[in-house]
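Novice: Sharing a structure, written as structure tokens. Questions coming.
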Amino acid sequence: MEPIRFDTKIAVLLRDDLLAWQSLNVSAFLVSGIAAALPDLVGEPYEDADGTSYLAMFRQPVLVFSGGKEVLAAAHSRAVARGLPMSVFTSDLFSTGNDRDNRSAVRAVRRDDLDLVGLALHGPKNAVDKVLKGSRMYRS
């Protein structure tokens with residue numbers, strides 16, 4: 017069997033000063049946005065040998081990167097310029113407790129002034145790689 021290759025990439029970019037719990041929480045929220053907007057990226061449900069069913073997950077890997085505040089701002093600008101589907105998480109969202117307040121917190125800030133702590137995007141591999149320039153693979 018030949019290895020499966022993907023023409024696209026799903027990537028999460030996290031600010032490098034987050035606490036471990038924040039990185040995990042932000043990653044989970046961000047990839048939920050990708051799954052919701054791009055349901056074709058989700059595969060079939062899983063089932064174990066005993067017939068227990070499990071939820072479907074992405075059909076391809078999700079790569080996680082990190083970088084400083086400037087790296088996130090630059091990546092955000094490049095993703096917007098390329099029109100890539102993207103979810104964002106700002107520092108304000110750590111103090112909200114629901115989707116309505118999250119959306120209001122983001123809506124209250126101009127695009128270039130967002131205090132980004134994470135973003136997730138999907139697109140052609142080369143475009144995503146260009147957006148992520150200056151970041152590095154995430155290490156806990």
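Add 16 to the 1-based position in the sequence shown for the working numbering, that's all there is to it.
Cβ atoms here follow ideal geometry from the backbone N, Cα and C, with glycine treated the same way.
In this text, all values refer to a predicted model and were calculated from it rather than measured experimentally.
Which parts of the stretch 25–107 are runs of the alpha helix (DSSP H), unbroken and 4 residues or longer, counting only runs that do not cross its ends?
Specialist: Runs found: 36–53, 85–98.
Novice: Could you tell me if Met153 is buried or exposed, where buried requires 16 or more neighbouring beta carbons within 10 angstroms of its beta carbon?
Specialist: Exposed: under 16 other Cβ atoms inside 10 Å.
Novice: In the structure shown, what three-state DSSP assignment does Leu132 receive?
Specialist: Note: Leu132 maps to strand in three-state DSSP.
Novice: For the pair the stretch 131–144 and the stretch 96–112, tell me if three or more CB-CB distances fall below 8 angstroms.
Specialist: Touching, yes.
Novice: Pro55: which of Gly67, Gln76, Ser69, Ser120 sits nearest, CA to CA?
Specialist: Checking every option, the nearest Cα to that of Pro55 belongs to Gln76.
Novice: May I have the straight-line CA-CA distance separating Ala27 from Asp33, to the nearest angstrom?
Specialist: Roughly 18 angstroms between the two C-alpha positions.
Novice: Indicate whether Ala91 and Leu109 have their beta-carbon atoms separated by less than 8 angstroms.
Specialist: The answer is no: Cβ separation not under 8 angstroms.
Novice: Could you check the C-alpha separation between Ala89 and Leu30 for me, to the nearest Å?
Specialist: Going from the Cα of Ala89 to the Cα of Leu30 covers about 11 angstroms.
Novice: State the DSSP-derived secondary structure class of Arg155, mapped to helix, strand or coil.
Specialist: In the structure shown, Arg155 sits in coil (DSSP, three-state: anything other than H, G, I, E or B).
Novice: Determine which residues share a DSSP beta bridge with Pro140 and list them.
Specialist: Paired residue(s): Thr24.
Novice: Locate the alpha helix (DSSP H) running through Val122, then write down its first and last residues.
Specialist: 115–123 is the span of the alpha helix (DSSP H), which, as asked, contains Val122.
Novice: So, using beta-carbon positions, are Asp66 and Pro140 closer together than 8 angstroms?
Specialist: Against a cut-off of 8 angstroms, the Cβ pair of Pro140 and Asp66 comes out as no contact.
Novice: In chain order, what residues of the same chain lie with their CB nearer than 6 angstroms to the CB of Leu100, ignoring the 5 residues before and after it?
Specialist: Leu137, Gly139.
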